[in-house]
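Enquirer:
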Amino acid sequence: MTVLIFIPDIPEFVPLVTAARALRDSTVRAPENGYWIIEADRVLRFSRKAMKLGPAIWNSALSGGFVGRIVDYGRDEIVIESEA
Amino acid sequence: MTEGLRLNGVHHTARPTWKLRETVEFYRDMLELPLVHAVSARGWGPADHPDFLHFFFESGAGSTIAFFYYLGHQQPDHLVHRPRFDSDAIHTAWRVESVAELAAWRAKLERNGVPVLFQVEHEVVESFYFRDPNGYFLEIGRPVRPLSELDARDAHLTMQAAIEEEDRRRARGESLCEIGSVWRAKGTLLAQALCINP
């Protein structure tokens with residue numbers, strides 16, 4: 051099982067895509083049907099500080115949808131693991 | 046759906062006021078919305094309907110914002126505006142076109158003693174918030190970017206995921222109480238639409 055995050059291809063979510071590109075062990079797929087797809091085998095981890103996101107976008111960072119399980123979604127870090 | 050039917054903008058929205066002078070001075074003088082119409086009438090319809098004033102301020106792009114003032118009618122407790130997220134969900138947001146206009150409005154209100162509660166850029170609009178004499182939540186905002194076809198498509202998918210997830214939970218006697226479950230349902234819908242098998 052993999053972890054997937056869908057990110058709408060709209061300007062306010064660009065920092066998320068940029069951050070995902072800098073992650074190791076993950077793949078960023080060009081938009082399909084309007085959504086960037088971030089994919090990882092076991093876990094995806096985002097840091098708010100690294101992305102310099104304000105509260106509005108940080109708190110809707112996964113609003114494009116995801117496949118997996120939220121393990122941590124605090125003020126500073128989002129961690130999503132695969133379900134299996 | 047009947048073809049050709051189309052609602053053509055907002056004619057007016059209306060709320061009750063218990064502060065007659067303050068409401069007129071705030072909307073007409075502070076917000077510079079012209080007073081364009083006023084109904085003054087004896088109570089009619091329901092037997093307990095008081096005499097009333099119903100007055101309208103032009104609020105831009107063909108719309109008006111209106112108030113009812115009920116003569117001799119005490120404000121019922123359930124209509125006292127309580128400043129909280131759920132009550133404040135009922136609000137009016139005016140549009141300006143630029144950062145400079147937004148700043149000018151904020152400066153004007155603050156110069157005239159109207160506290161600005163906060164200013165934020167949230168997704169597609171940058172806004173600041175304040176209150177009218179009744180405590181009603183008001184907003185002035187400028188579009189950060191135009192809405193796109195993808196915004197609309199994404200909105201439909203989000204609402205589909207939310208409605209279907211709520212239906213599933215209700216069937217189990219549960220409620221929809223955290224947004225992660227909606228995002229997860231949306232992710233499943235998207236994976237299916239894109240033929241991705243995680």
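Just so you know, the sequences run in chain order A and B.
134 is the number that this note's numbering gives the last residue of the first sequence; the numbers go up by one with no jumps.
243 is the number that this note's numbering gives the last residue of the second sequence; the numbers go up by one with no jumps.
Cβ atoms here follow ideal geometry from the backbone N, Cα and C, with glycine treated the same way.
These figures come from a predicted structure and were not determined experimentally.
(1) Under 8 angstroms between C-beta atoms, does A/V117 make it to chain B?
(2) Please work out which residues of its chain come closer than 8 angstroms, Cβ to Cβ, to A/E99, disregarding the five sequence neighbours upstream and downstream, and give them in chain order.
(3) For A/D59 and chain B, any beta-carbon pair shorter than 8 angstroms?
(4) Could you tell me whether the Cβ of B/L221 comes closer than 8 angstroms to any Cβ of chain A?
(5) Which residue wins for smallest C-alpha separation from B/I135, given the options B/P243, B/L76 and B/N179?
(6) Quick check: the Cα distance between A/P58 and B/L195, rounded to an integer number of angstroms?
(7) Return yes when at least one heavy atom of the ligand MN lies under 7 angstroms from the C-beta of A/D122, else no.
(8) Does the structure place the region 97 to 110 of chain B close enough to the region 65 to 75 of chain B that three or more beta carbon pairs sit under 8 angstroms?
(9) Report back the beta-carbon spacing between A/F138 and A/F56 to the nearest angstrom; my notes put them in contact at under 8 angstroms.
(10) For the region 124 to 156 of chain B, which residues have a beta carbon sitting closer than 9 angstroms to at least one beta carbon of chain A?
(11) Please work out which residues of its chain come closer than 7 angstroms, Cβ to Cβ, to A/V67, disregarding the five sequence neighbours upstream and downstream, and give them in chain order.
(12) Out of curiosity, what's the CA-to-CA distance linking B/A88 and B/W63?
(13) Among B/V125, B/N53 and B/E166, which one has its Cα closest to the Cα of B/I259?
(14) For a contact defined as C-beta to C-beta under 8 angstroms, what are the partners of A/A106 on chain B?
(15) DSSP puts B/Q164 in a beta bridge; with which residues?
(16) Decide if A/G84 is buried, meaning its Cβ has at least 16 other Cβ atoms within 10 Å, or exposed.
(17) What in chain A is Cβ-close to B/A238, meaning under 8 angstroms?
(18) Along the region 193 to 223 of chain B, what residues have a CB closer than 8 angstroms to any CB found in chain A?
(19) Short check: CB of B/F163 to CB of B/Y181, under 8 angstroms?
(20) Rounded to the nearest angstrom, how far is the Cβ of B/L202 from that of B/L234, given a contact under 8 angstroms?
(21) Within a Cβ cutoff of 7 angstroms, which residues of the same chain sit near B/E209, ignoring the five residues on either side of it in sequence?
(22) Contact defined as beta carbons within less than 8 angstroms: I believe B/R190 pairs with B/V161. What is the distance between those atoms, to the nearest angstrom?
Expert: Reading from the atomic positions:
(1) Stepping through the first sequence from its first residue, residue 117 of chain A is reached at position 67. With 8 angstroms as the cut-off, A/V117 counts as an interface residue toward chain B.
(2) Locating residue 99 of chain A in the first sequence gives position 49, where the first residue counts as 1. Here residue 99 of chain A is Lys; the residue named in the question, Glu, does not match the sequence. Same-chain partners within the cutoff: D126.
(3) Taking the first sequence and counting its residues from 1, one reaches residue 59 of chain A at position 9. So, interface residue.
(4) Start at 1 with the first residue of the second sequence, and residue 221 of chain B comes out as number 176. No, no contact with chain A.
(5) Here residue 135 of chain B refers to the residue found at position 90 when the second sequence is read from its first residue. Answer by Cα proximity: B/N179.
(6) Counting from 1 along the first sequence, the entry for residue 58 of chain A is found at position 8. Counting from 1 along the second sequence, the entry for residue 195 of chain B is found at position 150. Straight-line Cα distance between these residues: approximately 8 angstroms.
(7) Ligands in the displayed structure: none, and consequently the ligand MN is not present.
(8) yes
(9) The structure shown does not extend to residue 138 of chain A, since chain A is modelled only from 51 to 134, so the question has no answer here.
(10) none
(11) Here residue 67 of chain A refers to the residue found at position 17 of the first sequence. Contacts found: I57, V78 and W86.
(12) The residue given as residue 88 of chain B occupies position 43 in the second sequence. The residue given as residue 63 of chain B occupies position 18 in the second sequence. In the sequence on display, residue 88 of chain B carries Gly and not Ala. Approximately 17 angstroms between the Cα atoms of the pair.
(13) The requested residue 259 of chain B is not part of the displayed model; chain B covers only 46 to 243.
(14) Counting from 1 along the first sequence, the entry for residue 106 of chain A is found at position 56. Under the 8 angstroms cutoff, chain B gives V165, E166, H167 and E168.
(15) Taking the second sequence and counting its residues from 1, the one referred to as residue 164 of chain B is at position 119. Looking at the DSSP assignment, B/Q164 forms a beta bridge with B/F173.
(16) Counted from its first residue, the first sequence places residue 84 of chain A at position 34. Buried, since its Cβ has 16 or more Cβ neighbours within 10 Å.
(17) Residue numbering aside, residue 238 of chain B sits at position 193 when the second sequence is read from its first letter. Residues of chain A passing the Cβ test: N83.
(18) S193, L195, D196, R198, D199, L202, T203 and A206
(19) As a working note, residue 163 of chain B is residue 118 in the second sequence. As a working note, residue 181 of chain B is residue 136 in the second sequence. Cβ distance not < 8 angstroms, so B/F163 and B/Y181 don't count as in contact.
(20) Your numbering for residue 202 of chain B matches position 157 in the second sequence. Your numbering for residue 234 of chain B matches position 189 in the second sequence. Yes, they are in contact, since the Cβ atoms of B/L202 and B/L234 sit about 6 angstroms apart, within 8 angstroms.
(21) If you number the second sequence from 1, residue 209 of chain B lands on position 164. Contacts found: A230.
(22) Position 145 of the second sequence, counted from the start, is the residue given in the question as residue 190 of chain B. Position 116 of the second sequence, counted from the start, is the residue given in the question as residue 161 of chain B. Incorrect: roughly 23 angstroms between the Cβ atoms, too far for contact.
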